[in-house]
Amino acid sequence: MTDRPAMPAPSESSQKHREATRQPAEIRSAEESDPAQSANPAPEDSVVAGRRRAFAELLGEFRRTAVLVPLGEGPGPDDEPGFLTVDLNGIRFILAFSDEQALARYAQARGEYAREWAYRTVLGARLLDVAVPAAGVPCGVALDCADGPDGMVFPPVVGIVPEHAAVDRDLHEKGEAA
């Protein structure tokens, strides 16, 4: 980021998104749980179901929200710069930020606050439905990754990305995934 006046206040939409992503960690990790299906669910089952609903709401909000996606060094479609990504344990993550302040926190954490950061504004649904499959490798989206537990990860699994781009599609087809 170059010398600029103070960042503008986040829009109402981005503020709602930030508030939605500041859910307790146990809600964000609900997609990892597998509730038992029974006629009389145990109290834990209703807790897990609530966590799944909360995650579905967060995912829906992300899909409807425009986020900032910094441009990386390498070429993307049409020989233009591609999105900034990181690879972690064999999965590529597109970095996305809810607003300029979140991008500035990331730049500062990298020690690159003084440089200009080019970015595009992209709808969350386009990232998950178009950019993730176009990556050609297992790919998800990391939102506000410099914000620790207030950030969010959308992994490349069925229900988040298109099935053909999901790493668990084989399990899902066999009925082994929840």
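In the UniProt record's numbering, the protein residues as written are 1 to 178.
A virtual CB, placed ideally from N, CA and C, is assigned to each residue, including glycine.
Fill in: Span of the alpha helix (DSSP H), counted from its first residue to its last, around Asp107
Against the sequence shown, residue 107 aligns to sequence position 107. One detail in the question is off: residue 107 reads as Ala in this sequence, not Asp. That run of the alpha helix (DSSP H) goes Glu100 to Ala109.
Fill in: Bounding residues of the beta strand (DSSP E) (the contiguous stretch that carries Gln83)
Counted from its first residue, the sequence shown places residue 83 at position 83. Sequence check: residue 83 is Phe here, not Gln. Here the beta strand (DSSP E) through Phe83 covers Pro81 to Phe83.
Discussion item. If I measure Cβ to Cβ from Arg120 and keep anything under 6 Å in the same chain, skipping five residues before and after, which residues do I get?
Written reply: Translated into the one-based positions of the sequence shown, residue 120 becomes position 120. Once the five neighbours on either side are set aside, the close Cβ partners of Arg120 are Val69.
Worksheet item: Taking contact to mean at least 3 C-beta pairs separated by less than 8 Å, is the segment 55 to 74 in contact with the segment 85 to 95?
Response: yes
Discussion item. Let me confirm a value: Val115 is counted as buried when at least 16 other C-beta atoms fall within 10 Å, else exposed. Which label applies?
Written reply: Position 115 of the sequence shown, counting from 1, holds the residue named residue 115. It is Arg, not Val, that sits at residue 115 in the sequence shown. Exposed, because fewer than 16 other Cβ atoms sit within 10 Å of the Cβ of Arg115.
Worksheet item: Taking DSSP as the reference, what is the three-state secondary structure of Ala166?
Response: Within the sequence shown, residue 166 is the residue found at index 166, counting from 1. Correct three-state label for Ala166: coil.
Discussion item. Could you check whether the segment 103 to 118 touches the segment 129 to 148, counting it as contact only if at least three pairs of C-beta atoms, one from each stretch, sit closer than 8 Å?
Written reply: yes
Worksheet item: So does Val69 have its beta carbon nearer than 7 Å to some heavy atom of the ligand MN?
Response: In the structure shown, the ligand MN is absent, as is every other ligand, since no ligand is present at all.
Worksheet item: Span of the alpha helix (DSSP H) holding Val115?
Response: Taking the sequence shown and counting its residues from 1, one reaches residue 115 at position 115. The amino acid at residue 115 is misidentified as Val; the sequence shows Arg. Element bounds for Arg115: n/a, residue is neither H nor E.
Fill in: Reference Ala96, options Phe154, Val161 and Ser46, closest by Cα
Mapped onto the sequence shown, residue 96 falls at position 96. Closest option to Ala96, Cα to Cα, is Phe154.
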